[in-house]
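For the sequence shown, full-length UniProt numbering assigns the number 1 to the initial residue and increments by one for each residue that follows. We treat Cβ as the ideally placed atom computed from N, Cα and C, and that holds for glycine.
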Amino acid sequence: VTLFSHIVSGEVASLTESNFESVVAGSDVAIVNFYVPGKILFAKVDCDREKFKDPVQEVAHIDNLDDLDTKKRHMIGCFESKVSDSSRTFSRVASMHRDDCEFHAAFGQVCEAERTAGDFVSFRPPNTLHQDVKYTGSLTDFTALQQWVASKCVPIVREITFENAEELTEEGLPFLILFHHPDDTASVELFNQEVNNQLLQEKANVNFLVADGIKFAHPLHHLGKSTSDLPLLAIDSFRHMYLFPHNVKTDLTKPGLLKQFVEDLHSGKLHREFHHGPDPTTQPETEQAAQEGGAETKNIPRDSSDESKPLSQQKNTSPPESTFKKLAPSRNRYTILRDEL
């Protein structure tokens with residue numbers, strides 16, 4: 001501890017436990033500098049070390065490919081030589097997509113039996129073993145191979161977790177989220193299938209996500225649901241959350257329902273009905289004809305309770321506020337997306 005005092009003619013006094021009270025008491029104004037004696041150790045974390053590692057894991061034995069993590073996406077290359085043009089192109093593509101897929105390569109005799117038709121690259125989807133999809137283009141065409149790898153390794157439907165939620169919200173696109181039980185893989189596969197069948201053109205406008213309904217139970221409570229109601233589909237527009245008004249297991253494959261749900265978000269219908277209640281529907285032709293037919297048309301007499309209520313008296317829907325917007329990065333924090341791009 002060091003004491004700076006104008007009473008001591010500008011000299012610096014070293015404070016100890018024994019003289020602290022007497023020195024400070026004898027000064028009108030004292031500036032005390034507290035410090036830790038000894039050496040200071042500065043630690044360094046090499047954040048780029050992983051980036052310099054070879055993104056391609058060499059396969060020592062072909063049977064090792066049967067032990068790959070089935071939860072991940074894998075790109076598998078089989079080449080005659082490590083220095084071949086096709087192998088080098090594969091490595092370049094792997095460097096670009098090291099965070100999207102795991103890349104593996106076997107060389108020479110290790111995969112000689114599998115390489116009867118020459119070098120090849122194949123993709124192994126999650127939860128599969130012997131269902132690899134082979135690349136049919138030129139192995140030395142970097143652009144073509146990179147585009148194919150991107151189409152396989154960067155899925156249109158992604159999983160949202162607490163670790164990547166901030167990154168996903170920063171993209172600024174509304175979420176179409178399937179909340180599912182972690183053991184329910186069938187609903188996830190069905191959702192993937194229908195998104196690819198019905199909503200590919202919406203890829204630039206909506207983030208298609210799946211979420212563990214057990215971990216993300218809080219948004220379910222905002223929707224008035226619980227884990228016993230899983231699977232559930234909802235849109236989070238970062239203003240409100242809107243629940244898919246149909247049964248996910250039985251109605252997701254019905255033509256147009258999923259697409260209409262997303263289109264209602266874009267058209268403002270979901271938000272409009274939130275404030276003003278359901279849009280009025282067209283009067284059925286049979287009912288209209290009956291009213292125009294007058295006394296000659298026989299129908300059941302109307303009750304005063306049958307009269308349609310004014311729009312202002314209709315019961316409003318009440319979707320809850322967005323919960324995922326709370327996971328977005330602070331507006332006061334510097335980000336490349338907001339401050340640079």
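Across the set His180, Asp236, Ala186, Ala117, the C-alpha of Asp236 shows the shortest separation from the C-alpha of Leu173.
Counted as a single uninterrupted DSSP element, the alpha helix (DSSP H) harbouring His221 occupies residues 217-222. For Phe79, the pairing in a beta bridge is given by DSSP as Phe107. Boundaries of the alpha helix (DSSP H) harbouring Ala150: 142-153, taken from the DSSP string. Of the other Cβ atoms in all chains shown, 16 or more fall within 10 Å of the Cβ of Val59; this residue is therefore buried.
The stretch 111-127 makes no contact with the stretch 162-171: fewer than 3 CB pairs, one atom from each, lie closer than 8 Å. For Met241, the pairing in a beta bridge is given by DSSP as Asp236.
Distance from the Cα of Ser91 is smallest, within the candidate group Gln109, Lys53, Ala113, for Lys53.
Residues Leu230, Pro231 of the same chain have their beta carbon placed closer than 8 Å to that of Asp184, with the five preceding and five following residues left out of the count. Relative to Ala113, the option among Cys78, Thr250, Gln201, Pro55 whose CA is nearest is Cys78.
Ile177 and Thr136 have their C-alpha atoms spaced approximately 33 Å apart. Within the same chain, and ignoring the five residues on either side of Asp100 in sequence, the residues whose Cβ sits closer than 6 Å to its Cβ are Cys153, Val154. Following the DSSP letters along the chain, one finds Val23 inside the alpha helix (DSSP H) bounded by residues 20-25. Phe52 sits in a helix when the DSSP states are folded into three classes.
In its chain, beyond the 5 residues on either side, Ile160, Ile177, Phe179 have a beta carbon closer than 6 Å to the beta carbon of Ala211.
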